[in-house]
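One structure is given below, encoded as structure tokens.
Protein chains: 2
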Amino acid sequence: MRIIVDAFGGDNAPLEILKGCYDASKELGIDIVLAGNSEIIRKTASENNIDISAMEILEASEVITMEDEPTSVVKAKADSSMAVGLKALADGKADAFASAGNSGAVVVGATMIVKRIKGVKRVAFAPVMPKNKGFFMLADSGANVECRPEMINQFATMASCYVNKVMNIDKPRVGLANVGTEDHKGGPFQHECFALLKENKDINFIGNIEARDFPDDAADVIVCDGFTGNIITKLYEGVAMTLMGKIKGLFMKNLKTKLAAALILKDFKVLKKELDYNEYGGAPILGASKPVFKIHGSAKASTVKSALRLTKAYVESGIIDEIAEAVK
Amino acid sequence: MRIIVDAFGGDNAPLEILKGCYDASKELGIDIVLAGNSEIIRKTASENNIDISAMEILEASEVITMEDEPTSVVKAKADSSMAVGLKALADGKADAFASAGNSGAVVVGATMIVKRIKGVKRVAFAPVMPKNKGFFMLADSGANVECRPEMINQFATMASCYVNKVMNIDKPRVGLANVGTEDHKGGPFQHECFALLKENKDINFIGNIEARDFPDDAADVIVCDGFTGNIITKLYEGVAMTLMGKIKGLFMKNLKTKLAAALILKDFKVLKKELDYNEYGGAPILGASKPVFKIHGSAKASTVKSALRLTKAYVESGIIDEIAEAVK
Numbered sequence: 028m029r030i031i032v033d034a035f036g037g038d039n040a041p042l043e044i045l046k047g048c049y050d051a052s053k054e055l056g057i058d059i060v061l062a063g064n065s066e067i068i069r070k071t072a073s074e075n076n077i078d079i080s081a082m083e084i085l086e087a088s089e090v091i092t093m094e095d096e097p098t099s100v101v102k103a104k105a106d107s108s109m110a111v112g113l114k115a116l117a118d119g120k121a122d123a124f125a126s127a128g129n130s131g132a133v134v135v136g137a138t139m140i141v142k143r144i145k146g147v148k149r150v151a152f153a154p155v156m157p158k159n160k161g162f163f164m165l166a167d168s169g170a171n172v173e174c175r176p177e178m179i180n181q182f183a184t185m186a187s188c189y190v191n192k193v194m195n196i197d198k199p200r201v202g203l204a205n206v207g208t209e210d211h212k213g214g215p216f217q218h219e220c221f222a223l224l225k226e227n228k229d230i231n232f233i234g235n236i237e238a239r240d241f242p243d244d245a246a247d248v249i250v251c252d253g254f255t256g257n258i259i260t261k262l263y264e265g266v267a268m269t270l271m272g273k274i275k276g277l278f279m280k281n282l283k284t285k286l287a288a289a290l291i292l293k294d295f296k297v298l299k300k301e302l303d304y305n306e307y308g309g310a311p312i313l314g315a316s317k318p319v320f321k322i323h324g325s326a327k328a329s330t331v332k333s334a335l336r337l338t339k340a341y342v343e344s345g346i347i348d349e350i351a352e353a354v355k
Numbered sequence: 028m029r030i031i032v033d034a035f036g037g038d039n040a041p042l043e044i045l046k047g048c049y050d051a052s053k054e055l056g057i058d059i060v061l062a063g064n065s066e067i068i069r070k071t072a073s074e075n076n077i078d079i080s081a082m083e084i085l086e087a088s089e090v091i092t093m094e095d096e097p098t099s100v101v102k103a104k105a106d107s108s109m110a111v112g113l114k115a116l117a118d119g120k121a122d123a124f125a126s127a128g129n130s131g132a133v134v135v136g137a138t139m140i141v142k143r144i145k146g147v148k149r150v151a152f153a154p155v156m157p158k159n160k161g162f163f164m165l166a167d168s169g170a171n172v173e174c175r176p177e178m179i180n181q182f183a184t185m186a187s188c189y190v191n192k193v194m195n196i197d198k199p200r201v202g203l204a205n206v207g208t209e210d211h212k213g214g215p216f217q218h219e220c221f222a223l224l225k226e227n228k229d230i231n232f233i234g235n236i237e238a239r240d241f242p243d244d245a246a247d248v249i250v251c252d253g254f255t256g257n258i259i260t261k262l263y264e265g266v267a268m269t270l271m272g273k274i275k276g277l278f279m280k281n282l283k284t285k286l287a288a289a290l291i292l293k294d295f296k297v298l299k300k301e302l303d304y305n306e307y308g309g310a311p312i313l314g315a316s317k318p319v320f321k322i323h324g325s326a327k328a329s330t331v332k333s334a335l336r337l338t339k340a341y342v343e344s345g346i347i348d349e350i351a352e353a354v355k
């Protein structure tokens with residue numbers, strides 16, 4: 028299997044990307060194609076003793092930054108590592124593409140360069156989020172600020188396929204993000220979504236879910252429009268980070284609390300890891316006609332490796348054919 | 028000052044409501060009028076040695092439960108403690124009304140019985156939420172699932188008045204909840220809201236705010252439609268509760284962690300209190316023509332007292348006249 032990786036996407040590129048790719052290629056038995064400036068890639072690898080001799084390089088002179096417009100991937104920066112990588116995937120030169128770069132650009136590139144599966148109205152940005160036990164998938168988390176109910180229904184089908192086949196959850200429970208759990212809750216948009224989801228035979232729809240219950244194992248897949256999904260993802264991270272920061276500050280307060288910290292440090296680290304959504308690597312772009320995976324922007328080598336493991340599973344799952352069949 | 032309190036609203040009514048009213052009447056020098064079944068009120072007070080001799084009772088035979096439809100306050104349960112209390116406020120028999128009961132019913136009652144300030148398009152349910160330092164006010168948090176941009180603009184004016192006059196924040200920073208911080212972020216709805224907020228001379232608008240930054244002192248007032256606001260409030264609570272639960276579990280794991288817990292217990296309790304939005308008592312119903320305050324549903328006596336302190340400040344602030352002037 029060949030996976031193209033954007034060597035210049037993310038906060039820690041290219042070094043951590045190269046490290047992660049090396050680890051993944053060894054552990055997962057995949058062939059890595061690095062997209063980016065070959066000179067910088069070779070120099071970084073050599074300076075850090077990373078053996079990239081088994082990896083192919085796909086030359087690309089530019090880099091899409093976090094500040095660039097998402098559309099730059101098809102216009103101003105068509106020679107960027109991201110654009111060149113996506114183009115090569117579209118041309119059949121590999122089985123998948125992964126990038127830790129600008130999320131908006133990955134979404135636009137997946138739609139415009141790789142193209143959607145026939146029948147899919149919009150791609151969904153679908154991160155895997157930690158909860159009390161395990162995780163849930165949120166679709167859409169920001170690819171589409173405005174959605175029509177039939178898009179939400181497709182997000183549910185696509186995310187169910189992914190969670191079932193890639194994350195190995197049997198009959199994933201699908202919930203609609205809403206202001207209450209009763210069937211009639213929400214406005215006209217939620218009512219229309221509810222009606223479509225209820226009739227959808229490809230999913231296990233369990234009804235409306237309140238945001239209070241998202242972290243508490245309420246569902247395996249939660250669907251919503253991209254505006255709401257963006258608020259959910261970012262607030263999740265913000266509240267958890269603020270709280271963990273406060274607790275850290277509390278542990279550092281004085282000798283007594285520092286002693287407490289020392290006693291609990293190991294368990295605390297395990298908890299932090301459980302809650303860290305870097306652990307799940309990132310988010311597939313559901314609905315693209317070939318596997319495109321967005322690695323978390325702040326990914327270090329281990330997260331890059333996790334993401335490539337999921338990308339490999341995404342390819343092997345065959346869910347793109349399954350989604351194509353379901354949306355027909 | 029006379030404040031009518033719904034003696035039968037909330038998870039811990041009537042006992043904790045009576046206790047909180049007694050404490051508030053002593054500490055704040057306010058006259059309390061209890062709305063509800065006088066027989067049960069007197070029995071509960073006498074069994075628990077709560078001196079309610081200084082409090083008037085407004086007879087009401089029924090109770091609105093959490094399961095009742097919000098509109099029951101004007102229809103099926105017009106003789107409930109909530110409806111009777113709101114009616115007495117509307118009739119000028121007191122200066123304010125507070126209830127820990129069904130939020131939807133409080134919103135409907137504030138709109139239909141007490142009525143809106145002339146010119147106010149919709150009332151906002153505006154809870155005070157804890158953040159890294161202090162708090163922020165969220166408007167609207169669920170009174171209006173669907174909003175027009177001019178409503179969002181009014182929420183900003185009303186919440187600014189409240190935060191300035193009742194919570195004593197000078198020139199409160201107002202932010203629009205959005206998917207990114209740049210001016211052009213979001214869809215047509217956010218663009219229209221942004222344009223109105225930018226032109227609003229009664230507020231200190233600081234632009235778009237990402238959900239990641241809400242808990243990190245990004246603004247003093249955050250405005251959004253009620254669907255988004257409901258998701259924010261409930262997710263905030265859900266993530267914080269799940270995390271605190273996990274940490275509690277971690278402390279109870281073994282002897283070593285229990286020792287750590289003992290060392291840090293006091294500081295941890297302080298943190299929990301800082302993060303507990305019960306501390307801020309609840310949410311004013313902004314835009315009602317007289318002060319209506321929703322006490323947190325799970326309020327115990329101390330929260331009821333905090334809420335009545337804020338209700339008193341709400342009356343004294345004169346912001347209803349100020350809002351009436353601003354929306355003219």
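So the protein sequences, as listed, match chains H and R. Under my numbering, the residues of the first sequence are numbered 28 to 355, in order. Under my numbering, the residues of the second sequence are numbered 28 to 355, in order. Just so you know, even glycine gets a beta-carbon here, dropped at the ideal spot from N, CA and C. This one's a predicted model, so the numbers in the text were calculated from it and none came from an experiment.
- Contact between the region 101-116 of chain H and the region 69-81 of chain H is absent: fewer than three C-beta pairs spanning the two stretches fall below 8 angstroms.
- Contact with chain R is found for residue 239 (chain H), since one of that chain's Cβ atoms lies less than 8 angstroms from the residue's Cβ.
- Residue-level contact by beta carbon fails for residue 135 (chain H) and chain R, as no gap is shorter than 8 angstroms.
- Its Cα nearest to that of residue 228 (chain R), the residue R:184 stands out among R:67, R:184, R:152, R:98.
- Taking a 10 Å sphere around the C-beta of residue 337 (chain R), we find 16 or more other C-beta atoms and assign the residue as buried.
- Under DSSP, residue 321 (chain R) takes part in a beta bridge, and its partners are R:126, R:310.
- According to the DSSP secondary-structure assignment, residue 134 (chain H) is paired through a beta bridge with no residue.
- Residue 157 (chain R) is bridged by DSSP to R:162.
- With respect to residue 249 (chain R), residue 320 (chain R) sits apart: the two C-beta atoms are not nearer than 8 angstroms.
- Per DSSP, residue 353 (chain R) lies in no beta strand (DSSP E) segment; the continuous alpha helix (DSSP H) that holds it begins and ends at 346-354.
- Per DSSP, reduced to three states, the secondary structure at residue 89 (chain R) is strand.
- Under the three-state reduction of DSSP, residue 141 (chain R) is assigned to helix.
- Contacts between residue 242 (chain R) and chain H, judged by CB atoms closer than 7 angstroms, involve 265, 266, 269 in chain order.
- Neighbours of residue 294 (chain H) in chain R, taken as residues at a C-beta separation under 7 angstroms, are given in chain order as 277, 280, 284.
- The DSSP-derived three-state label of residue 197 (chain R) is coil.
- Per DSSP, residue 232 (chain H) is one residue of the beta strand (DSSP E) stretching across 231-237.
- By DSSP's assignment, residue 29 (chain H) forms a beta bridge with H:58.
- Apart from the 5 residues on each side of it in sequence, residue 196 (chain R) sits with its Cβ closer than 7 angstroms to the Cβ of 190, 247 in its chain, given in chain order.
- Fully enclosed alpha helix (DSSP H) runs of no fewer than 4 residues occupy 215-226 of the region 201-274 of chain R, in order along the chain.
- Straight-line measurement puts the Cα of residue 252 (chain H) at about 11 angstroms from the Cα of residue 180 (chain H).
- Cβ-Cβ distances below 7 angstroms link residue 65 (chain H) to 84, 86 in the same chain, with the five nearest sequence neighbours on each side left out; the list follows chain order.
- In the DSSP annotation of this structure, the continuous segment of the alpha helix (DSSP H) that includes residue 112 (chain R) starts and ends at 108-117.
- Taking 8 angstroms as the CB threshold, residue 214 (chain R) lines the interface with chain H.
- For residue 161 (chain R), not one C-beta of chain H is nearer than 8 angstroms to its own C-beta.
- For residue 138 (chain R), the CB contacts under 6 angstroms within the same chain, skipping 5 residues up- and downstream, are 150 in chain order.
- Cβ contact annotation for residue 41 (chain H) (same chain, cutoff 7 angstroms, sequence separation greater than five): 34, 35, 63, 67, 68, 71, in chain order.
- Residue contact with chain H for residue 273 (chain R): present (Cβ-Cβ distance below 8 angstroms to some residue of chain H).
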